[in-house]
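What follows is one structure encoded as structure tokens, with my remarks underneath.
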Amino acid sequence: MKSFLIINPFGIGDVLFSTPLIRNIKENLPESKIFYLCNRRAQPILENHPLIDKCFIYERDEFEAIRKRSKISWFKKILSFISEIKKEKIDVALDLSLNPQFGFLSFIAGIKERVGYDYKRRGRFLTKKIKFSGYKDKHVIEYYLDLLKYINLEPIHRKTELFLSKIDKNKLDLWQRYNLSETNLNIVIAPCGGASWGLEAGYKHWNLEKFAQLADRSISELKARVILAGSRQEKEAIEKVERLMSNKPQKAIGLELEDFLAILAKSQLAVVNDGGVLHMAVALGIKTVSIFGPVNEVVYGPYPIDSSKHVVLKVDIGCRPCYVNFRLPECVYNKKCLNDLEVSEVFKAVKSLMDKK
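Now the structure itself:
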């Protein structure tokens with residue numbers, strides 16, 4: 060029996076991309092234990108996963124806030140965190156962080172086998188390092204699964220997974236509030252997303268006015284119940300979409316993640332930009348229409364590709380995808396790759412998916 064620590068401090072989408080790793084390890088080694096290091100925002104995605112024994116929460120901002128108050132307190136916090144990992148006597152770390160501090164942390168925690176990608180020579184604390192310049196010609200999931208061969212395992216599963224608790228599966232009061240009955244066509248529209256990009260997230264977003272037109276057509280022509288969804292930080296954008304609409308949508312703003320997942324799981328379709336909501340919907344088995352601008356959908360899109368469930372829309376101009384090797388250049392074309400996408404094309408994709416059983 061072996062125990063494994065998967066290290067992924069990134070956003071919700073990246074964490075979901077790593078869930079096939081969990082399934083493949085457990086299928087190959089049923090008696091193994093699996094631990095996961097993630098940030099606080101991604102924790103709800105993993106906390107109901109039946110194959111994970113324990114999550115370790117590393118929130119960089121929390122550690123930094125302690126350091127600014129007291130370096131002694133910060134040092135004690137770090138030691139406590141490492142001690143918590145060390146007592147599990149973990150055999151193998153699969154480090155997806157591309158960051159030397161996590162390789163060092165694994166080393167200090169006594170994990171003897173440390174496997175990961177050596178990005179810009181940051182893998183100095185890894186025992187098995189794979190040369191790597193960025194995610195380019197295949198999906199991130201495939202890059203993650205490639206690590207398995209370095210621990211003598213073969214990948215079998217490639218689907219992402221997201222598990223709801225029994226409570227989340229039966230949130231009758233929430234469904235009643237949004238009138239999410241089985242007889243309705245429920246469509247979640249998330250006009251923002253991509254929070255892990257911070258101030259640059261807007262480069263992923265389709266035009267809000269076009270989202271409003273799409274929502275109106277979905278209500279008028281498909282008789283759909285449309286739920287405009289987003290975080291508290293996206294409240295202004297969602298309310299702008301609502302003001303631009305002729306019809307009245309539902310709004311799900313700033314919900315706890317488990318509540319939002321309960322709504323998403325009760326929907327038939329999600330229309331989204333590239334971001335975490337897309338990958339949550341895919342993992343839940345919900346149909347999606349996703350809009351991609353600067354990011355390569357081959358690398359970060361729905362996976363495995365299934366055109367009967369997932370449609371990716373993009374405008375292929377010469378400069379896209381321009382997000383390469385984790386760098387986004389300044390856009391000199393006013394987001395043409397997004398702004399040239401017409402409402403009629405997105406609505407056609409929505410209608411096509413809804414017509415398929």
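Here the working numbering is used: position 146 in the sequence shown is 205, and no number is missing along the way.
Glycine included, each C-beta is placed from N, C-alpha and C at the ideal position.
On the premise that residue j lies in contact with residue i, defined as a C-beta separation below 8 Å, what is that separation, rounded to the nearest angstrom?
i: R379; j: G352; result: 7 Å
i: S62; j: I149; result: 5 Å
i: R82; j: H198; result: Contact doesn't hold; Cβ gap of about 16 Å is too wide.
i: M339; j: I71; result: 7 Å
i: A260; j: S290; result: Not quite, the Cβ-Cβ distance comes to about 11 Å (not below 8 Å), so this is no contact.
i: F385; j: G193; result: 6 Å
i: P103; j: L239; result: Going by Cβ atoms, the distance from P103 to L239 rounds to 20 Å, so no, they are not a contact pair.
Using only the alpha-carbon positions, how far apart do residue i and residue j sit?
i: K218; j: Y362; result: 7 Å
i: A152; j: Y203; result: 13 Å
i: R181; j: K187; result: 12 Å
i: L155; j: I65; result: 7 Å
i: N332; j: K263; result: 6 Å
i: L412; j: V300; result: 23 Å
i: I189; j: F163; result: 17 Å
i: F222; j: L337; result: 16 Å
i: D73; j: N67; result: 8 Å
i: N393; j: C381; result: 13 Å
i: N98; j: I364; result: 28 Å
i: N87; j: L207; result: 10 Å
i: V174; j: D318; result: 35 Å
i: K171; j: P89; result: 21 Å
i: F134; j: E143; result: 14 Å
i: I125; j: R119; result: 10 Å
i: R302; j: S224; result: 35 Å
i: D399; j: M304; result: 21 Å
i: V383; j: G257; result: 17 Å
i: A296; j: L267; result: 7 Å
i: N211; j: E121; result: 37 Å
i: Q235; j: L157; result: 44 Å
i: S139; j: H108; result: 25 Å
i: S77; j: F69; result: 11 Å
i: Y176; j: L75; result: 18 Å
i: I369; j: D205; result: Strictly speaking, residue 369 in this sequence is His, with Ile absent from that position. Their backbone Cα atoms lie some 25 Å apart in a straight line.
i: R284; j: M60; result: 49 Å
i: K407; j: I131; result: 59 Å
Check whether the Cβ atoms of residue i and residue j sit closer than 7 Å, and answer yes or no.
i: I345; j: A329; result: yes
i: S349; j: V371; result: yes
i: V48; j: K282; result: Only positions 60 to 416 of the chain appear in the structure, and residue 48 is not among them; the question remains open.
i: Y178; j: F166; result: no
i: D112; j: I93; result: yes
i: A342; j: E220; result: yes
i: N306; j: I286; result: no
i: I200; j: P79; result: yes
i: K146; j: G169; result: no
i: L244; j: Q327; result: yes
i: Q292; j: Y237; result: no
i: S367; j: K415; result: yes
i: F184; j: P159; result: yes
i: I376; j: C390; result: no
i: L110; j: Y95; result: no
From the DSSP output, read off the bridge partner residues of residue i.
i: C381; result: In the DSSP output, where bridge partners are listed per residue, C381 has none listed.
i: C114; result: Y95
i: N245; result: R284
i: I66; result: L96 and D154
i: R173; result: A152
i: T347; result: A329 and H369
i: R119; result: According to DSSP, R119 bridges with nothing at all.
i: F191; result: Y178
i: K310; result: L287
i: R386; result: V383
Using a Cβ-based criterion (distance less than 6 Å to any ligand heavy atom), does residue i qualify as near the ligand SAH?
i: I93; result: Among the ligands in the structure shown, none appear at all, so the ligand SAH cannot be discussed.
When you compare the CB of residue i with every CB in chain B, is at least one pair closer than 7 Å?
i: K263; result: No chain B appears in this structure, which consists of one protein chain only.
When the Cβ atoms of the stretch 244 to 251 are set against those of the stretch 274 to 288, are three or more pairs found closer than 8 Å? yes
Does the stretch 354 to 370 touch the stretch 314 to 324, meaning 3 or more C-beta pairs lie closer than 8 Å? no
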